[in-house]
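Trainee: In case it helps, mature numbering (1 follows the signal peptide of the UniProt record, and there is no 0) puts the sequence shown at residues -22 to -1, 1 to 106.
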Amino acid sequence: MMLCIASAAGVTALAVSSFSLSWTHSVEHTRWEEHWQVEERALQLVSATVEGSGAGIDLPPDARWVDGGWTYSPHLPPLPSVRLAASGATGGGWRLCTDEVCMDLGQEPGEEATLSAAPNCEGAADRR
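(1) Can you tell me whether DSSP reads R106 as helix, strand or coil?
(2) Quick check: the Cα distance between R106 and S51, rounded to an integer number of angstroms?
(3) Note the first and the last residue of the continuous beta strand (DSSP E) segment covering M81.
(4) Is the distance from the Cβ of G30 to the Cβ of T8 below 8 Å?
(5) A91: which of S(-5), R73 and A41 sits nearest, CA to CA?
(6) Quick one: residues in its chain with C-beta nearer than 8 Å to the C-beta of Q85, no 5 flanking neighbours on either side, listed in chain order?
(7) Could you round the C-beta distance between E18 and M(-21) to whole angstroms and report it? I think they count as a contact, below 8 Å.
(8) Given that a residue counts as buried once 16 or more other Cβ atoms are within 10 Å of its Cβ, and exposed if not, what is C80?
(9) When the Cα atoms are used, what is the spatial distance from L21 to F(-4)?
(10) Using CA coordinates, which residue listed in A(-15), L83 and L(-9) is at the minimum distance from A95?
(11) Can you tell me whether T76 is helix, strand or coil according to DSSP?
(12) Since T92 is in the beta strand (DSSP E), which residue starts that stretch and which ends it?
(13) Start and end of the beta strand (DSSP E) containing A26?
Below you can see the structure in the form of structure tokens.
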């Protein structure tokens, strides 16, 4: 399965089974990190860690303090795609990391990227 990353720059295909996505919260200015699994034609959010609670950050009852952040397992169904839209309110975008590579997405306001899973990334740009 491929992780397809579609942006204005084109489509990047990564042959991975998992990845992390991290960013700075636009109001609280705390780090947020999510861990995702790449499944057949879907992305599954496995866990999330946030440095603190506050505006727009509601921690679930099962959140536990681990290594400087609140970690929990979101209870969401697999998603066909994840759209990242850069607000410009944080001074940066998202950092996507796999076991082999890290890349920055949405560094400038208005830059968008769409993540999806597929056997190949043909047509991924059309899903943006």
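Note that beta-carbon positions come from the ideal geometry of N, C-alpha and C, so glycine has one too.
Mentor: According to the data block:
(1) Unreliable positioning characterises R106 in this predicted model, as indicated by a pLDDT of 49, which lies under 50. The coordinate reading is nonetheless provided below. If DSSP states are grouped into helix, strand and coil, R106 belongs with coil.
(2) Because R106 sits at a pLDDT of 49, beneath the cut-off of 50, its placement in the model cannot be relied upon, and the following sentence gives the value as read from the coordinates. Distance between the alpha carbons of R106 and S51 is about 27 Å.
(3) C80 to L83
(4) yes
(5) R73
(6) A64, G70 and G71
(7) 11 Å between Cβ atoms; not a contact.
(8) exposed
(9) 10 Å
(10) L(-9)
(11) coil
(12) E90 to A96
(13) A20 to V28
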